[in-house]
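Undergrad:
Residue numbers (this note's numbering): 45 to 448.
#1: Beta-carbon separation of residue 111 and residue 121 under 8 Å?
#2: Given this structure, state the Cα-to-Cα distance separating residue 135 from residue 337, to the nearest angstrom.
#3: Give me the Cα-Cα distance between residue 234 and residue 227, rounded to the nearest whole angstrom.
#4: Any heavy atom of the ligand MN closer than 7 Å to the Cβ of residue 425?
#5: Starting from the C-beta of residue 265, find all residues in its chain whose C-beta is less than 6 Å away, skip the five residues before and the five after it, and write them out in chain order.
#6: When you compare only the Cα positions, how much space is there between residue 267 and residue 418?
#7: Identify every run of the alpha helix (DSSP H) within the region 304-355, keeping only runs that are complete inside it and at least 4 residues long; order them along the chain.
#8: At which residues does the alpha helix (DSSP H) containing residue 76 begin and terminate?
#9: When you compare each of 249, 152 and 292 to residue 327 by their alpha carbons, which one comes out closest?
#10: Look at residue 289 and residue 309 and say whether their C-beta atoms are less than 8 Å apart.
#11: Please go through the same chain and pick out, in chain order, the residues whose beta-carbon is closer than 8 Å to the beta-carbon of residue 272, but skip the five residues on each side of it.
#12: Report the rounded CA-to-CA distance for residue 256 versus residue 167, giving the unit in angstroms.
#13: Using a threshold of 8 Å, state whether the C-beta atoms of residue 132 and residue 403 are closer than that.
#14: With a cut-off of 8 Å on the beta carbons, I'd call residue 250 and residue 109 a contact; round off their distance for me.
#15: State the Cα-Cα distance for the pair residue 325 and residue 442, rounded to the nearest angstrom.
#16: Note down, in chain order, each residue of its chain lying with its Cβ closer than 8 Å to the Cβ of residue 369, except the 5 sequence neighbours on either side.
#17: Of the choices 248, 160, 88 and 78, whose alpha-carbon is the least far from that of residue 453?
#18: Of the residues 372, 397, 430 and 416, which one's Cα is nearest the Cα of residue 163?
#19: Does residue 157 come out as helix, strand or coil in the three-state DSSP assignment?
#20: From residue 87 to residue 157, what distance separates their C-alpha atoms?
#21: Is residue 106 helix, strand or coil when you go by DSSP?
#22: Tell me whether residue 432 is buried or exposed, calling it buried when 16 or more other Cβ atoms sit within 10 Å of its Cβ.
#23: Between the region 278-298 and the region 75-83, do three or more beta carbon pairs fall short of 8 Å?
And the structure:
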């Protein structure tokens, strides 16, 4: 009986774990490592803020998924016109397609360095595997199990390291609960908030919840909080990597520029095997994001173009495959991307996030679409503050990039 309960629990939390896996890609691994290396524990507080607002918007998206059989983009189209829905869908597609390059590079570097072979071969192989998975009959079930396994692998590796390094807990708690903006940290703060407070990832949760509704009617329960587990795991992953990098790399004064530099954070726990363990983790982050990001971009563009968002649809799967191919081709052409470019690209995504967030928020408070699942007063207030945070970050980012 306990085993059956555990199985049902894992089955229920699938959507949240998928969001955690796709958000924690190579870019998140890079950003959290660079923050820990450069500022030790001083910026841990941003994890609490980002995770709080990510949880709020994931809950909003989950309610939207439960409230209607119509997709979120369909609702946006009904509310403001199909043109707006297409703009939102195409914008998300572009964001996801651009980050496929970093995901493909991460996978290529991980397996290439692990086996001392050419990175480009592995970029091709694993993009092909990703595309092949799309045409499994039960694509969602395969995707769900894959994501859970990869996130678990990454969590265990860094958790072992964290236990081994025994960080100064007084400094850790100070970093968590005493906000401080260190000099030169604004760019990384914006990049982290853009990647961790992922409204795009939350947006996609509504689609995952609707897919679960088709598979199992048990998911349709008011007040479901299944997605929160995945969001909490996202925060734990971020904190573990940041603290590990802060405890090990910060004292050494290492400027993280390569995967080898980042792997030094695992040396206390894994010694000479640190590089191999880290590269496996990098592969997990990269491959989960190859599938996850492509699924977001392809599904939403398919829906925006009027083909629907059903995973079993050939058109949807073909568009998801196109996202993978675009990322893989660009990765092969350029051969790699510097870590600074990954951070910059992540921070750029914050420009499109306000539009998506406003659309989600307005739908969530509209009783016409939401019925009894209309956003509670707490979600309305918290969601509004979250939008304000995103808008402020977008303005700061615009000034930092174009006016300095």
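Ideal Cβ placement from N, Cα and C applies to all residues, glycine included. Fair warning: this is a prediction, and the values are worked out from it, not measured in the lab.
TA: Looking at the atomic coordinates:
#1: no
#2: 13 Å
#3: 14 Å
#4: Within the structure as shown, the ligand MN is missing, as the structure has no ligands at all.
#5: Here the model assigns residue 265 a pLDDT of 47, short of 50, so the residue's position is not dependable, and the following value carries that caveat. Counting only Cβ-Cβ distances below 6 Å, and skipping sequence neighbours, we find nothing.
#6: Unreliable positioning characterises residue 267 in this predicted model, as indicated by a pLDDT of 39, which lies under 50. A coordinate reading is not provided.
#7: 311-314 and 318-348
#8: 70-83
#9: 152
#10: One thing to note: residue 289 has its Cβ within 8 Å of the Cβ of residue 309.
#11: 60, 99, 102 and 103
#12: 31 Å
#13: yes
#14: Indeed, because the Cβ distance is near 4 Å, the residues count as touching under 8 Å.
#15: 33 Å
#16: 171 and 175
#17: Coverage of the chain is limited to positions 45 through 448, which leaves residue 453 absent and any answer about it impossible.
#18: Distance check between residue 163 and each of 372, 397, 430 and 416 places 372 closest, using alpha-carbon atoms only.
#19: helix
#20: 31 Å
#21: helix
#22: That one is exposed.
#23: A contact exists between the region 278-298 and the region 75-83.
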